[in-house]
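Below you'll find the structure, written out as structure tokens, and then a few comments.
Residue numbers (the numbering used here): 216 to 620.
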């Protein structure tokens with residue numbers, strides 16, 4: 216995208232935001248000991264200050280502001296449970312996946328940026344400072360299967376962990392999230408040492424919503440996120456479908472390594488090679504730092520049918536396909552990996568090279584079951600779930616001295 220196009224895009228976006236801005240609505244709480252007529256006689260702080268300038272006493276201070284129409288924490292529970300609505304997730308508008316939104320809304324939940332190796336494709340997460348596999352993750356009350364990755368490039372608590380990749384769930388499919396911020400291993404097992412996160416998905420049989428989010432910087436690091444949700448009637452039940460797609464360029468916050476440049480120039484290497492040519496892949500720098508490139512599509516389907524006699528059949532399915540690219544450290548011309556080739560007289564990489572790691576992930580989940588209520592008001596639920604996560608990652612733009620030898 217040219218500089219002019221990016222400038223025009225920002226101008227249009229600013230104009231739309233300005234036109235769509237609404238005044239904030241404030242709520243005020245009436246005192247139980249005052250009548251409505253008393254409320255009509257209230258004055259502002261400034262007016263009271265003028266009237267009582269001689270005495271310097273304020274009779275009453277009225278504070279206005281915004282507050283949610285429902286409490287965040289369940290006050291009637293004996294354990295700390297936070298309940299977050301889907302609207303709160305939509306309002307945050309993270310550019311990556313559901314992990315970003317949860318990290319921003321739940322203080323005790325952390326998620327490191329996409330770092331390196333396999334953790335560049337499955338983010339290490341933590342609830343209350345524990346490992347990723349010590350938090351039980353549920354979707355509509357059913358256990359979520361784990362990712363294929365064993366973290367070994369994560370913060371200390373996460374090394375060796377085998378947790379759930381919640382980034383495979385489309386954010387637009389979320390109706391609400393329930394977070395138990397307390398140990399529950401005695402109830403749910405050892406994977407609930409830190410607590411429980413239960414994602415409740417949308418179940419409307421009509422209506423829907425869509426969104427389109429775009430962001431860019433002067434370095435052309437574009438981020439695009441699109442989502443859609445729709446509900447449909449299906450006889451005595453419903454089918455609710457959600458789709459989300461992201462396409463994020465890599466963030467590069469690095470500078471050219473001058474020491475390497477000087478060394479290569481002294482060896483007679485053409486400085487034009489320090490760009491987007493083959494030795495360095497798509498990056499214009501010998502060594503890049505920042506967020507890896509990522510894109511992916513996520514689909515979620517929730518459905519249920521009333522069978523009569525207080526019985527219900529339900530089925531849920533999810534599919535996700537994502538791709539990411541992480542760049543490794545720069546290998547100079549005298550790197551050990553090139554020694555066998557140099558011994559054979561190979562001089563095809565005088566400027567060195569920068570490998571990068573590509574990762575492709577596919578995630579599938581299916582859950583089906585029956586629930587109901589018996590005559591003595593006892594609830595029952597029988598279900599079966601299946602999940603599969605496959606992560607393939609491989610090194611590109613590198614040298615393998617065994618090929619063809």
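The beta carbon of each residue, even a glycine, is placed where N, CA and C say it ideally should be.
For the beta strand (DSSP E) that contains residue 518, what are its first and last residues? The residue you call residue 518 lines up with position 303 of the chain shown. Taken as a continuous stretch (DSSP letters only), the beta strand (DSSP E) holding residue 518 covers 508 to 523.
Quick one: what does DSSP say residue 423 is sitting in, helix, strand or coil? The residue labelled residue 423 in the question sits at position 208 within the chain shown. Secondary structure of residue 423 (DSSP, three-state): strand.
Going by the DSSP bridge assignment, what does residue 315 pair with across the sheet? The count along the chain shown starts at 1 and reaches residue 315 at position 100. According to DSSP, which records beta bridges pairwise, residue 315 is partnered with nothing at all.
Is residue 466 helix, strand or coil by DSSP? On the chain shown, residue 466 is found 251 positions in, with the first residue counted as 1. It is coil, neither helix nor strand.
To which residues of the same chain is residue 512 closer than 6 Å at the C-beta, ignoring the five residues directly before and after it? In the chain shown, counting from the first residue as 1, residue 512 sits at position 297. If we look at residue 512 and ignore the five residues flanking it on each side, its Cβ neighbours are 460 and 536.
Would you give the residue range spanned by the alpha helix (DSSP H) that residue 557 belongs to? Here residue 557 corresponds to residue number 342 of the chain shown, with the count starting at 1. Residues 554 to 558.
Taking the alpha carbon of residue 424 as the reference point, which residue from 443, 347, 462 and 586 has its own alpha carbon closest? Counting from 1 along the chain shown, the entry for residue 424 is found at position 209. Minimum Cα distance to residue 424 is reached at 443.
Which of helix, strand or coil DSSP assigns to residue 303: The residue you call residue 303 lines up with position 88 of the chain shown. Here residue 303 sits in helix by DSSP.
Whole-angstrom distance between residue 415 and residue 522, CA atom to CA atom: Against the chain shown, residue 522 aligns to sequence position 307. Against the chain shown, residue 415 aligns to sequence position 200. Their Cα atoms are separated by approximately 22 Å.
Using CA coordinates, which residue listed in 302, 558, 320 and 447 is at the minimum distance from residue 516? Sequence index remark: in the chain shown, residue 516 carries index 301 (1-based). Comparing Cα-Cα distances from residue 516 to each of 302, 558, 320 and 447, the minimum goes to 447.
Candidates 533, 445, 456 and 508: which alpha carbon is nearest residue 465's? In the chain shown, counting from the first residue as 1, residue 465 sits at position 250. Considering only alpha carbons, the answer is 508.
Given 8 Å as the limit, is there contact between the stretch 572 to 583 and the stretch 526 to 542, that is, 3 or more CB pairs closer than that? Taking one beta carbon from each stretch, the stretch 572 to 583 and the stretch 526 to 542 have 3 or more pairs nearer than 8 Å; the two touch.
Suppose you measure from the CA of residue 497 to the CA of residue 332; what does that come to, to the nearest Å? Walking along the chain shown from the start, residue 497 turns up at place 282. Walking along the chain shown from the start, residue 332 turns up at place 117. Annotation note: pLDDT 49 at residue 497 (below 50); position unreliable, coordinate value reported separately. Distance between the alpha carbons of residue 497 and residue 332 is about 19 Å.
What do you reckon, are the CB atoms on residue 352 and residue 411 nearer than 9 Å? As a working note, residue 352 is residue 137 in the chain shown. As a working note, residue 411 is residue 196 in the chain shown. Yes, the Cβ-Cβ distance between residue 352 and residue 411 is below 9 Å.
Hey, could you find the ends of the alpha helix (DSSP H) residue 401 is sitting in? For the purposes of this step, residue 401 is taken as the residue at position 186 of the chain shown. Per DSSP, residue 401 belongs to the alpha helix (DSSP H) from 400 to 403.
Kindly indicate which residue of 398, 454 and 397 has the alpha-carbon position closest to the one of residue 420. The residue you call residue 420 lines up with position 205 of the chain shown. Nearest option by C-alpha distance: 454.
Between the C-alpha atoms of residue 320 and residue 557, what's the straight-line distance to the nearest angstrom? Here residue 320 is taken as the residue at index 105 of the chain shown, counted from 1. Here residue 557 is taken as the residue at index 342 of the chain shown, counted from 1. Taking the straight line from one Cα to the other gives about 54 Å.
Closest by CA to residue 462, which one among 440, 445 and 602? Numbered from its first residue, the chain shown carries residue 462 at position 247. With distances taken between Cα atoms, residue 462 lies closest to 440.
According to DSSP, is residue 332 part of a helix, a strand, or is it coil? Counting from one through the chain shown, the residue named residue 332 turns up at place 117. Reduced to three states, the DSSP call for residue 332 is helix.
Please report how far the alpha carbon of residue 608 lies from the alpha carbon of residue 361, in whole angstroms. Numbered from its first residue, the chain shown carries residue 608 at position 393. Numbered from its first residue, the chain shown carries residue 361 at position 146. Roughly 18 Å separates the two Cα atoms.
Residue 587 to residue 354, Cα distance in whole Å? Residue mapping note: residue 587 aligns to position 372 of the chain shown, counting from 1. Residue mapping note: residue 354 aligns to position 139 of the chain shown, counting from 1. One C-alpha to the other measures close to 19 Å.
Just to confirm, are residue 594 and residue 585 a CB contact at a threshold of 9 Å? In the chain shown, residue 594 corresponds to position 379, counting from 1. In the chain shown, residue 585 corresponds to position 370, counting from 1. Contact: no.
Return helix, strand or coil for residue 596, following the three-state DSSP convention. Indexing the chain shown from 1 puts residue 596 at position 381. The answer is strand: DSSP assigns residue 596 an E or B state.
Inter-residue Cα distance where the pair is residue 551 and residue 386: Your numbering for residue 551 matches position 336 in the chain shown. Your numbering for residue 386 matches position 171 in the chain shown. Between residue 551 and residue 386, the C-alpha separation is close to 45 Å.
Please classify residue 320: does DSSP put it in a helix, a strand, or coil? What you label residue 320 is simply residue 105 of the chain shown in a count that begins at 1. Looking at residue 320 - three-state DSSP - the assignment turns out to be helix.
To which residues does DSSP link residue 543 through a beta bridge? The sequence position of residue 543 within the chain shown is 328, counting from 1. In the DSSP output, where bridge partners are listed per residue, residue 543 has none listed.
Helix, strand or coil for residue 388, going by three-state DSSP, please let me know. Stepping through the chain shown from its first residue, residue 388 is reached at position 173. Residue state, collapsed to three classes: helix.
Given 8 Å, three or more beta-carbon pairs between the stretch 334 to 352 and the stretch 395 to 414: yes
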